[in-house]
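Protein chains in written order, with our numbering: chain A, 898 to 1293; chain B, 22 to 333; chain C, 1417 to 1668. Cβ coordinates follow ideal geometry from the N, Cα and C atoms, glycine included. Please read all numbers here as calculations on a predicted model, not as lab measurements.
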Amino acid sequence: MTDASQTAAAPVPLSARLDRVGVVVALIAIVGMDWQPFATLKPNRLVSGQGLGLGSALPTFWAAIGIGILSLATILAVLRTGARLRLATGIVSLLMLALLIGLVPAHVVPPDNSFARVSPGAGFWLMALAFAVLTTDAIAKLKLGPLARLLLLAAAIAATALILGSGHWDGLSILKEYATNADKFWREGRQHILLAVASLAAAIVVGLPLGIACHRHATLRGVTLPVLNIIQTVPSMAMYGLMIVPLGLFAASFPIAAQLGIRGIGTAPALIALFLYSLLPVVANTVVGLAEVRRSVVEAAEGMGMTKHQRLMQVELPLALPVILTGIRIVLVQNIGLVTIAALIGGGGFGTFVFQGIGQAATDLVLLGAVPTIALAFTAAVLLDAVIELTERRRL
Amino acid sequence: MIELDHVSRRFGEQLAVDDVSFAVERGTITVIVGTSGSGKSTTLRMINRLIEPTSGTITIDGKDTTAVSGEELRRGIGYVIQGNGLFPHWTVARNIATVPTLLGWDSAKIARRVDELLALFSMKPEDFREKFPHQLSGGEQQRVGVARALAAEPGLLLMDEPFGALDPIIRAKAQEDLLAVQRRLGITVVLVTHDMEEAIHLGDRIAVMDGGKLLQYAPPAEILAKPAPGFVAKLVDGADRPFRLLSLAPVSSIVEPGTAEGPPILETATLRDALSELLWHRRDALPVTAADGSTRGKISLSNLVAHAGGAA
Amino acid sequence: MSRLIGPAARLSALALLLALVLRPDWFEPILKPFTENNAPAIYTQSSLLSLTLAHLGLVAVASVIGTALALVMGVFVTRPMGAEFLPLSRSLVNIGQTFPPVAVLALAVPVVGFGLKPTLIALVLYGLLPIFENTITGLKEVPENVVEAARGMGLSPQQQLFRVELPLALPVILAGIRLSVVINMGTATIGSTVAAKGLGEVIIAGLLTSNTAFILQGGIIVALLAVLLYDALSILENRIAKRTGRLAEVAG
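Here you go:
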């Protein structure tokens, strides 16, 4: 980590006092603050709008405070400072941005105008990106343990919930979009999670025993893994499409299936497609995890008189657990993303808003679908990463 | 007593163990020695039926090992392997408790037994109980491995290259520990190694195997003095053979009456140690003492040399 | 996972793909039963060949750009000069991969409009992540003593990188590229929802008009194309890995 230039004589050169990541963060933040609109004001939902800088989007007092704090944060980012201070700087800046953006609607829209829409502009997003990068870098450099990371995640969720609950953002267009879709939002949200989790559960129920069987029988392994690999390679839209045909035929030939809701389109083909995608990571990671258990450990278990079943349950599976969980993490994150596309075949989920939004060229509607999807996937990833790390702790 | 009677094991085309018969006396250490591929590990693993013999029978105390299920048999026999095979996700205490738990002992009895064994291997129970294997040194892991194998008080302990992964100093210590524990508990031990030195040091009897065949089965002194021609002779042949032979007998075995000048030697020391002392102090004889310091006589160079040769 | 499919299966899959794309009318009798109300069984809005070429072209361009960017970034963060960015890069790759491709696509639309552009952006951004990740992993996995030996023999940092480190990391990097191409095939298909020209168009048309024949046609072509491409890249990767004397452990 030592700089070649640092060996030079007395006054430390500027380059050594600057944090390189911080310089990038600052450049993004400065472009966002000074050259891009902080918010966009549109006369109604669909037409394009006009950009507002920090100065014109906010009351003078708040604009001054915002510019002051964000500039200070930018300077702190550039200087070589401790990771804890950088983490605090990043979090405070993000909270500041969250606070400021919520103040815009009341300032720029007359109270009796219910058509005008205020949404975060490129400047807001750039600054959010910059300080999110600063926060991420600080977290990575602090090498936080799993529990600390979970705590941060919980804090982030709590802060978001608090802001949303307080109504501070209610004037923003994405929340206006939510307000008109509130019932549907929660319905599609439930459907989204249901599809992602149910297909994962099915994949675990089938994939875990299949993985164990593959571990024990090389021939089965040689057939199963390539087939699952091919399935995984098929693009999701094609997969969803191809599911329609057999299920449609099935429903046509067995009316009782159709009465149960099994049709070519809808939840059933989405679930099956997701299940098929989920199998490979679960099976492959079970096989790898079991194969990685040291020979001597398995042999010791056998030598002490454990039955095959006891060996599997008490020794092999617990030791393979982190690798199996990694497969489950891959599946869950992947499924949360893939469910979005299921909306195309009537499977529901947040993708419904995304594709409706694309169809109507309504950005806010796209965001209403995309943002919760990303938040869900991100939460699942952080959560499972922490769990995996906790289970890895006691390994040789 | 363990008896192997015309035991063979075939893997496909290959005869890994070829018509091996020998008997192990209760309370002794038998070492099976050979190169890799000699069939020594296969032979050991047939005793606890990790591998089933293709033909022949194995009895323990007169009972055919196939009379009970493999699992039941193995729960009654201690088993230690190279690299210890400790379960990395369990604490030391839980590792040691493996077989007692399988046998359904009650928890108080298991806890007592764990502490007893840790103490036996000079590890403070309160320090070691809750540790995980990765928190132990190589030597400690090895000792826990042996303690685990002894947990259910088996009369027989099978060890497959138990000291193979240890560095020389820890290895010597582990060997001494094993000898001490074996003497104290009076258990029967069958140990596999590729190291003739180790075999001579530990074994009451040595079984030399090569190409699946048992070539010679005899006490170490006999193996050294009268090796079977061919492989065994080549194995024990070498410049230090006299010293190996001397290392087998204690000073007390050739102590003579009389006195001598110089630093005294303990009667429990090996003849090899005595030779070393005699040469180092440039003496023809040294006094021999007992552990309590009382004089037992002397040991002379000429007498010692007479014991160091092979068959005349 | 050296070869996904045997030579015979590979050839028949290729033949089927070519027939589907070049002579779609051959399949009319098979597909006809899947249509209703006398709807056409074969997609004729654009020629399937032109859609396939557009699809492959989009993936190729995105993969080349993505690979170039990812390689430069990957090399940069593993040099002493870029070391400060390494922990951040790893985190960003991790976070980036939790973004669903369709979200990246949808979010690009408001910024650059409909059509090819958002699709290309989504493909490049999302596709470079596995390559970047594997470039870092591959370069970090080069044994220290090999680099040390190269240094000891007087190779300059550039020579070390191009003659020793990159060739040794190549199998892992290639595994990343393969993964990226497969992901891009899928994302390009979804690109049709934002009006990028590609094979997704056929599937979408089928979904919009409830024409199962279109869905089948498009779905099978896309699936075959992806599997064959993946297979071809695996073979290439294996050849190179054998030459470098080690196999890529980081599989897709």
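Query                                                                                                                                 : Result
Through-space distance from Gln1207(A) to Pro1215(A), alpha-carbon basis                                                              : 11 Å
Continuous alpha helix (DSSP H) stretch holding Gln196(B): start and end                                                              : Pro189 to Leu206
Alpha helix (DSSP H) segment containing Ile1599(C), residue limits                                                                    : Leu1582 to Gly1607
Cβ-based contacts, 8 Å cut-off: residues of the segment 1499-1511 of chain C near chain A                                             : Ala1499, Glu1500, Phe1501, Pro1503, Leu1504, Arg1506, Ser1507, Leu1508, Asn1510 and Ile1511
Pro1517(C), buried or exposed, once every other Cβ within 10 Å from all chains shown has been counted against 16                      : buried
Contacts around Thr1628(C), its chain only, beta-carbon distance under 6 Å, and the 5 residues preceding and following it disregarded : Phe1450
The alpha helix (DSSP H) enclosing His1004(A), as first and last residue numbers                                                      : Ala980 to Val1005
Cβ contact check for the segment 1269-1286 of chain A and the segment 55-73 of chain B: 3 or more pairs under 8 Å                     : no
Rounded separation between Ile1071(A) and Gly1635(C) - CA only                                                                        : 34 Å
Buried or exposed by the 16-neighbour rule on C-beta atoms within 10 Å, applied to Asp188(B)                                          : exposed
C-beta neighbour in chain B for Gly1042(A), strict 8 Å                                                                                : no
For Gln35(B), the first and last residue of its enclosing beta strand (DSSP E)                                                        : Gln35 to Val45
Nearest to Thr1033(A) (by Cα), restricted to the options Leu1555(C), Ser1572(C) and Pro1503(C)                                        : Pro1503(C)
Residue from Ile1221(A), Ser1016(A), Ala1025(A) and Leu1092(A) whose Cα sits closest to the Cα of Asp1261(A)                          : Ser1016(A)
Residue-level contact to chain A via CB, Pro1516(C), 8 Å cutoff                                                                       : yes
Residues near Ile23(B) in its chain [Cβ-Cβ closer than 6 Å; skip 5 each side]                                                         : Val45 and Ile81
Three-way DSSP call (helix, strand, coil) for Glu92(B) in this model                                                                  : helix
Environment of Ala1486(C) [buried if 16+ CB atoms lie within 10 Å]                                                                    : buried
C-alpha gap between Trp1066(A) and Leu994(A), whole angstroms                                                                         : 12 Å
Backbone CA spacing between Gly330(B) and Leu267(B) [nearest angstrom]                                                                : 9 Å
Nearest-angstrom Cα separation, counted from Leu1447(C) out to Leu1122(A)                                                             : 31 Å
Status (buried if at least 16 other CB within 10 Å, exposed otherwise) for Ala1239(A)                                                 : buried
C-beta contact flag for Gly1614(C) and Ala1621(C) at 8 Å                                                                              : no
Whole-angstrom distance between Gln1088(A) and Ala1025(A), CA atom to CA atom                                                         : 30 Å
For Phe1548(C) and Gly1398(C), believed in contact at Cβ under 8 Å, the rounded distance                                              : For chain C, the structure presents residues 1417 to 1668; residue 1398(C) sits outside this window and is missing.
Limits of the beta strand (DSSP E) - the one that Pro308(B) falls within                                                              : Ala306 to Thr310
Residues of the segment 190-206 of chain B with Cβ closer than 8 Å to any Cβ of chain A, in chain order                               : none
Chain A within 8 Å of Phe1450(C), Cβ atoms only                                                                                       : yes
When Leu1280(A), Val1279(A), Ile1225(A) and Ala1272(A) are compared against Ser1058(A), the one with the closest alpha-carbon         : The residue you asked about is not Ser; residue 1058(A) is Ala in the sequence shown. With distances taken between Cα atoms, Ala1058(A) lies closest to Ala1272(A).
Sufficient close CB pairs (3 or more, under 8 Å) joining the segment 175-190 of chain B to the segment 208-217 of chain B             : yes
Closest residue to Leu4(B) among Leu236(B), Gln162(B), Tyr100(B) and Leu123(B) (Cα-Cα distance)                                       : In the structure as shown, chain B begins at 22 and stops at 333. Residue 4(B) is therefore absent and cannot be evaluated.
Spatial distance of Ser1096(A) from Val1103(A) (CA atoms)                                                                             : 11 Å
Given 8 Å, three or more beta-carbon pairs between the segment 954-971 of chain A and the segment 1042-1052 of chain A                : no
Helix, strand or coil at Met1201(A) according to DSSP, with G and I counted as helix                                                  : coil
Thr1270(A) at chain C interface by Cβ criterion, 8 Å                                                                                  : yes
Reduced DSSP category for Lys1038(A) - H, G, I as helix; E, B as strand; rest coil                                                    : helix
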